[in-house]
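In what follows, a single structure is set out as structure tokens and then discussed.
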Amino acid sequence: MRNMLRCRRGSAAFATVVALVPLIGVMALGGEAGSWYVTRQRAQSAADAAAYSGALRLACDSAPQPGTTCNNTQTYDYRGKQVAAQNSFCNSGDTGYSGSTCATSLPQGVSKSVQMASWSAGGATFVQATVSQQQPAYLAQLLGLSTINVNATAIAKIDSLAKPPCVLALKDPVTFQGSPTVSSPTCGISSNSTADNAIGFKGNSGIQVNAPSYTVGGCSQTGGSQCTNVKTYQQPIPDPLSGLATAIGALKVPSDFPNKSCGGSTIVSYEAGACVNTSGNPSLPAAVNGTISITGTYYITGNLRINGSPTITGTATLIFFKGGSLSITGNPTIQLTAVKSPSGPSALSATAKYLLKDVLIYDDETTSGGVSITGSSSSYFNGTVYVPNSPVTYSGNSTNGPTSGCYQVIAYAVKFQGNTTLDNSNCTSDGAVKPNVQTVRLVQ
């Protein structure tokens, strides 16, 4: 008996068995905690998708496609919960969303919830999605836990540039050449070009640009430090008038116009003649007391050239079909304001007429020379100049804008060679279509 009590054989096995009991318990508890982590990851994925989807819905509300309403009858709350349901998270009894993968019944003690919220702060809008799952504890009950709550939160931000662009180069760079001064206190200058010189300063250090500038590509300079104020490698800005070229290009000239061709070389407005100007070399009306006045909506297929130093005033919209063009040279004084509601044939869609609001010049030409605009120091263009397929060059010393107005340039490329003042403070009140620069991104 004494020998048996003193025998140590098997003691290691006994100690191992004693040690394995808590070890197995810890491993089992770790496995249970691992399942919490997996649930947390799934909940976070659902929350991210729900917040982003809800934010896209609000962005659609605040900036729909120009000329149309947002084609979405559901609220941001619905869209967020729909996407969460597609990731298997639903509120109890709320599983009837399109594409839902939520179970119609859950195991005993398990519940899921999805909550959506939105608010505005600092000029931005935020959408928050909170996804949670409650489930019973198992081994964790030994630690005093009866249920486990797994929560995930995501926040999406709808934001835009502080000063949206009133100059937008759709394809090629925005170039400043010589010693121009471009003053644009209310709006920005942007280029969608991906080139290293998407915004390029060519000339001496006297070039001054008093406007926020953005580009998809880079910035180049040959003198001074102008690129310091340019934000490079930004997202591209969509063309807000992209549907206009298709609509106008679809018009049958002259058969879609009630009175067909206007006849003669002097341009006639649609309001006056319900016709299209088909002269190859159209001309402006004769001056009265030294001033040429034009009023209304003009549809032109030929090449209109303005040279010398005439004085031209009025409220007009000039629409040039493909093959037509506009050229302004010399030192004219041009003070034109766009028509707020341009007229056109019934074949022109309501969407196109909406896009034409406050458009001063629409030129669909595709020539490499593009549109050249110059003027005296008292000249201004109050409206949108839209030349999507050719460059626009500004020279001379035109202020290119009244004290306050809506002056926007959307063109294939833009070159500044003279002093220019831009202002879009009245674009919203005028009903003009503006470049949309909204972004939606997850911030939490």
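For the sequence shown, position 369 (counting from the first letter as 1) is numbered 368 according to numbering that gives the first Met the number 0, and the numbering increases by one without interruption.
Just so you know, even glycine gets a beta-carbon here, dropped at the ideal spot from N, CA and C.
On a predicted model such as this, the values are computed, not experimentally measured, just so you know.
Q) Nearest CA to the CA of Val384: which residue from Val166, Thr231, Tyr77 and Thr245? A) Closest by alpha carbon: Val166.
Q. Is it true that the stretch 336-351 meets the stretch 319-327, where meeting means three or more beta-carbon pairs spaced less than 8 Å apart?
A. no
(Q) Along the chain, where does the alpha helix (DSSP H) containing Val442 start, and where does it finish? (A) From DSSP, Val442 is part of no alpha helix (DSSP H); its letter is neither H nor E.
Q: Compute the beta-carbon to beta-carbon distance between Ser189 and Pro172, rounded to the nearest angstrom, for a pair I have assumed lies under 8 Å.
A: That belief does not hold up - the Cβ atoms of Ser189 and Pro172 are roughly 11 Å apart, past 8 Å.
Q.
Is the beta carbon of Ile299 closer than 8 Å to that of Leu283?
A. No.
**Q.** Distance, Thr350 Cα to Tyr147 Cα
**A.** The question names Tyr, but residue 147 in the sequence shown is Ile. Rounded to whole angstroms, Ile147 to Thr350 spans 55 Å at the Cα level.
Q.
Is it buried or exposed, Lys111, if we count other Cβ atoms within 10 angstroms and call 16 or more buried?
A. Under this definition Lys111 is a buried residue.
Q. Does the Cβ-Cβ distance between Ile236 and Thr214 come in under 8 Å?
A. no
Q | Separation of Val82 from Val126, as counted between CA atoms | A | 14 Å
Q: Please confirm whether Gln132 and Ala210 have their CB atoms less than 8 Å apart.
A: no
Q: Tell me where the beta strand (DSSP E) around Val149 begins and ends.
A: Thr146 to Asp158
Q.
For Ser268, which residues in the same chain have their Cβ closer than 7 Å to its Cβ, ignoring the five residues on either side in sequence?
A. Here the set comprises Thr294, Gly295, Thr296 and Tyr297.
(Q) Since Val358 and Gly369 should fall inside the 8 Å C-beta cutoff, what is the C-beta to C-beta distance between them, to a whole number of angstroms? (A) Not a contact, Cβ separation roughly 17 Å.
Q: Assuming Pro390 contacts Ala410 (C-beta within less than 8 Å), just tell me the rounded distance between them.
A: 6 Å
Q. Since Arg56 and Tyr36 are thought to touch, with beta carbons under 8 Å apart, how far apart are those beta carbons, to the nearest angstrom?
A. Their Cβ separation, rounded to whole angstroms, is 31 Å, which puts Arg56 and Tyr36 out of contact at 8 Å.
**Q.** Closest by C-alpha distance to Asp60, when choosing among Ala48, Ala49 and Arg78
**A.** From the listed residues Ala48, Ala49 and Arg78, the smallest Cα separation to Asp60 is found for Arg78.
Q. In terms of residue numbering, what span does the beta strand (DSSP E) encompassing Ser131 cover?
A. Looking at the DSSP string, the run of the beta strand (DSSP E) that includes Ser131 is Ala123 to Pro135.
Q: With a 10 Å radius around its C-beta and 16 neighbouring C-beta atoms as the bar for buried, classify Gly272 as buried or exposed.
A: buried
Q.
Rounding to the nearest angstrom, what Cα-Cα distance links Lys170 and Thr438 in this structure?
A. 20 Å
Q. Can you pull the DSSP bridge partners for Lys433?
A. Note: Lys433 sits in no beta bridge, so no partner.
Q | CA nearest to the CA of Met115, picked from Ala128, Gln416 and Asp363 | A | Ala128
Q | Distance, Asp363 Cα to Ala346 Cα | A | Within the model, the alpha-carbon separation for Ala346 versus Asp363 is close to 18 Å.
**Q.** Lys162 in three-state terms, based on DSSP
**A.** coil
Q: Put Gln40 into one of helix, strand or coil per three-state DSSP.
A: helix
Q | Length of the line joining the Cα atoms of Cys186 and Trp118 | A | 26 Å
Q | For Asp362: DSSP bridge partner residues | A | BP columns for Asp362 point to Phe319.
Q: Measure the CB-CB distance between Val309 and Ala286 and report whether it falls below 8 Å.
A: Note on identity: in this sequence residue 309 is Pro, with Val being the wrong assignment. A contact, by the Cβ cut-off of 8 Å.
Q: Work out the CA separation of Gly53 and Ala102 for me, nearest whole Å.
A: 23 Å
Q.
When you compare the CB positions of Gly301 and Thr332, do they come within less than 8 Å of one another, or not?
A. no
Q.
Taking its Cβ as the centre, do 16 or more other Cβ atoms sit within 10 Å of Gly222, making it buried, or is it exposed?
A. exposed
Q: Have a look at Val436 and Ala58 and give me their C-alpha separation to the nearest angstrom.
A: So the alpha carbons of these two residues sit roughly 11 Å apart.
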